[in-house]
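Undergrad: Per our numbering, the very first residue in the sequence shown carries number 564; after that it's consecutive.
Glycine is no exception: its CB is placed at the ideal position from the N, C-alpha and C atoms.
Just dropping this structure here.
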Amino acid sequence: MWELNITEVRLTRRQVVAAGGAAALTAALAGLLPAVANASPKDAKKKLAELTGGAPLEEGRIAIDVPPYTQYGKQVRIAVSVDSPMSAGDRVKALHVLAERNTVPEVASYYFGALAGEARISTRIRVARTQILIVAAEMSDGTFHVGKARCKVARGGGGCG
Numbered sequence: 564m565w566e567l568n569i570t571e572v573r574l575t576r577r578q579v580v581a582a583g584g585a586a587a588l589t590a591a592l593a594g595l596l597p598a599v600a601n602a603s604p605k606d607a608k609k610k611l612a613e614l615t616g617g618a619p620l621e622e623g624r625i626a627i628d629v630p631p632y633t634q635y636g637k638q639v640r641i642a643v644s645v646d647s648p649m650s651a652g653d654r655v656k657a658l659h660v661l662a663e664r665n666t667v668p669e670v671a672s673y674y675f676g677a678l679a680g681e682a683r684i685s686t687r688i689r690v691a692r693t694q695i696l697i698v699a700a701e702m703s704d705g706t707f708h709v710g711k712a713r714c715k716v717a718r719g720g721g722g723c724g
């Protein structure tokens, strides 16, 4: 049988700091720490094609309310609404919000049930830097509508980039 007899373990401050640094390095190498905002418009376009299954995108029907200029990129107010009667034949099934230059292009997806009275969302998102926000509406008939809005973030305004 194994017998373990530990009476006392003492670590110096230097050993604790070294262990913490090693843990941070391991986490960084494993990809657990936040990444630098490095997506591009091509990445957003690719993600949009993935979300829509490559279906053609129709412009219009989507209203995006976002401040054209903000000092604080960590909390940018965005409101989206889709012109739809929300009837059985013409309703919004999902809204997909993408940001072209964030770390990950897909910001959020919102799903609407058959009893939803309107397709409208309002939230705050983190915007890395000045970029185009894209909203895609998935309709019940399988079509997709797209809308875009530009949001300019002040340099050094506290975004995620």
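1) If we ignore side chains and look at the alpha-carbon of each, how far apart do Gln578 and Ala593 end up?
2) Per DSSP, what kind of secondary structure is Arg683 in: helix, strand or coil?
3) Checking 9 Å against the spacing of the C-beta atoms, do Glu622 and Gly710 come in under that value?
4) If we count the other Cβ atoms within 10 Å of its Cβ and call it buried at 16 or more, is Val580 buried or exposed?
5) Have a look at Lys637, Pro619, Arg718 and Glu663 and flag the residue whose alpha-carbon is nearest the alpha-carbon of Thr686.
6) Using a 10 Å radius around the Cβ and a threshold of 16 neighbouring Cβ atoms, would you call Lys610 buried or exposed?
7) Mapping the DSSP letters down to three states, classify Ala651 as helix, strand or coil.
8) Which class does Glu663 belong to by DSSP, given the choice of helix, strand or coil?
9) Pull the bridge partners of Tyr674 from the DSSP assignment, please.
10) So what does DSSP say about Gln578, is it helix, strand or coil?
11) Under the three-state reduction of DSSP, which class applies to Lys637: helix, strand or coil?
12) Quick check: the Cα distance between Pro604 and Gln694, rounded to an integer number of angstroms?
13) Drop a sphere of 10 angstroms on the beta-carbon of Leu658, count the other beta-carbons inside from all chains shown, and report buried for 16 or more, exposed for fewer.
14) In chain order, what residues of the same chain lie with their CB nearer than 8 Å to the CB of Val655, ignoring the 5 residues before and after it?
15) DSSP three-state call for Ala730: helix, strand or coil?
TA: If we stick to the structure as given:
1) As a position in the sequence shown, residue 578 is number 15, starting the count at 1. As a position in the sequence shown, residue 593 is number 30, starting the count at 1. Each residue's Cα considered, the two are about 22 Å apart.
2) Within the sequence shown, residue 683 is the residue found at index 120, counting from 1. Correct three-state label for Arg683: strand.
3) Your numbering for residue 622 matches position 59 in the sequence shown. Your numbering for residue 710 matches position 147 in the sequence shown. Yes, they are a contact pair.
4) Along the sequence shown, read from residue 1 onward, the residue named residue 580 stands at position 17. Burial call: exposed.
5) Working through the sequence shown from its first residue, we reach residue 686 at position 123. For the residues Lys637, Pro619, Arg718 and Glu663, the minimum Cα distance to Thr686 belongs to Lys637.
6) Start at 1 with the first residue of the sequence shown, and residue 610 comes out as number 47. It counts as buried.
7) Translated into positions along the sequence shown, residue 651 becomes position 88. DSSP places Ala651 in coil when its eight states are reduced to three.
8) For this step, residue 663 is matched to residue 100 along the sequence shown. Correct three-state label for Glu663: coil.
9) Stepping through the sequence shown from its first residue, residue 674 is reached at position 111. Looking at the DSSP assignment, Tyr674 forms a beta bridge with Ala657.
10) Indexing the sequence shown from 1 puts residue 578 at position 15. Helix.
11) For the purposes of this step, residue 637 is taken as the residue at position 74 of the sequence shown. Three-state DSSP puts Lys637 in coil, outside helix and strand.
12) As a working mapping, residue 604 is identified with position 41 in the sequence shown. As a working mapping, residue 694 is identified with position 131 in the sequence shown. The alpha-carbon atoms of Pro604 and Gln694 are separated by roughly 9 Å.
13) Reading the sequence shown from its first residue, position 95 is the one you call residue 658. Label assigned to Leu658: buried.
14) Looking up residue 655 in the sequence shown gives position 92. Correct list, in chain order: Val645, Ser647, Met649, Phe675, Ala679, Ala682, Ala700, Glu701, Met702 and Ser703.
15) As displayed, the chain neither begins before 564 nor continues past 724, which places residue 730 out of reach and without an answer.
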